[in-house]
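Now the structure itself:
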């Protein structure tokens, strides 16, 4: 059974803190993605990675960085958390097969609150 | 990318077929229709996708009109666990740096 796991379901951090969100997939997928989901704004892509150590900016990369040192793990880093980064963060993965790139498997999400 | 239009909400009786429409009148020839759903407090779940032929899998059927300007997702025997927001997305196979974006979707309420 396909599985994407995220390190925390709920997280509360203070403004200015450095925040790490971890995502692990067990499907040997090449592609991994970080999205944030906000009411009225839908799902927005922050970063994606199509291979180890490779990354590409999505629609809203400002204030975020990512790390992919191993194929199964993709980390999202908030260098200095701000209140406007309070959101639901979703990790996803997909096969590199170009026919399946939009068949993405999502984790359960991390609801981050920055106070 | 083609825009999609979906009704904001629908009700369906448990055990009945749920038919969720999606309008994508500006779809271009290389764009696929994808359906996802999101159950409350969970991440989105891929359901099905198609190009022009009707598709069926263990979860649902996808009917795409001949002119490809609209489609219908069919859940043949809806259960209470199918209550979710359903998203219709139109995308070409690969558009660099422009992955899934979900619009408003249809909130399906399955009632006993």
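Protein chains in written order, with our numbering: chain A, 1 to 115; chain B, 1001 to 1112.
The beta-carbon is built from N, C-alpha and C at its ideal position, and this holds for glycine as well.
- Legend: CB atoms of the segment 1041 to 1065 of chain B lying less than 8 Å from CB atoms of chain A belong to residues 1041, 1042, 1043, 1044, 1045, 1046, 1049.
- With a cutoff of 9 Å on beta-carbon distance, residue 107 of chain A and residue 96 of chain A are scored as not near each other.
- By the Cβ criterion, the segment 1012 to 1019 of chain B is not in contact with the segment 13 to 30 of chain A, since fewer than three pairs of Cβ atoms, one from each stretch, lie closer than 8 Å.
- Proximity of chain A to residue 1029 of chain B at the Cβ level (cut-off 8 Å) is not reached, the minimal Cβ distance being about 16 Å.
- The C-beta of residue 20 of chain A has fewer than 16 other C-beta atoms within 10 Å across all chains shown, which makes the residue exposed.
- Under the three-pair Cβ rule at 8 Å, the segment 1037 to 1048 of chain B counts as touching the segment 1081 to 1089 of chain B.
- By the rule that beta-carbons nearer than 9 Å mark a contact, residue 4 of chain A touches chain B.
- A distance below 9 Å separates the beta carbons of residue 115 of chain A and residue 14 of chain A.
- Spatial neighbours of residue 22 of chain A in its own chain (CB-CB distance under 6 Å, excluding positions within 5 residues in sequence) are listed in chain order as 7, 75.
- Here DSSP, grouped into helix, strand and coil, assigns residue 1038 of chain B to strand.
- Neighbours of residue 1086 of chain B in chain A, taken as residues at a C-beta separation under 8 Å, are lacking, since the least C-beta distance is about 13 Å.
- Taking 8 Å as the upper bound for CB-CB distance, residue 4 of chain A and residue 73 of chain A are not in contact here, some 11 Å apart.
- Contact between residue 1090 of chain B and residue 1004 of chain B holds: their C-beta atoms lie close to 6 Å from each other, under 8 Å.
- Assigned with DSSP and collapsed to three states, residue 1082 of chain B falls in helix.
- Closer than 8 Å at the C-beta level to chain B, one finds these residues of the segment 41 to 58 of chain A: 42, 43, 44, 45, 48, 56, 57, 58.
- Non-local beta-carbon contacts of residue 1107 of chain B in its own chain, meaning distances under 7 Å to residues more than five positions away in sequence, involve 1008, 1009, 1085 in chain order.
- If only complete runs of 3 or more residues are kept, the segment 1005 to 1050 of chain B shows the beta strand (DSSP E) at 1009 to 1013, 1018 to 1023, 1031 to 1038, 1045 to 1050, in order along the chain.
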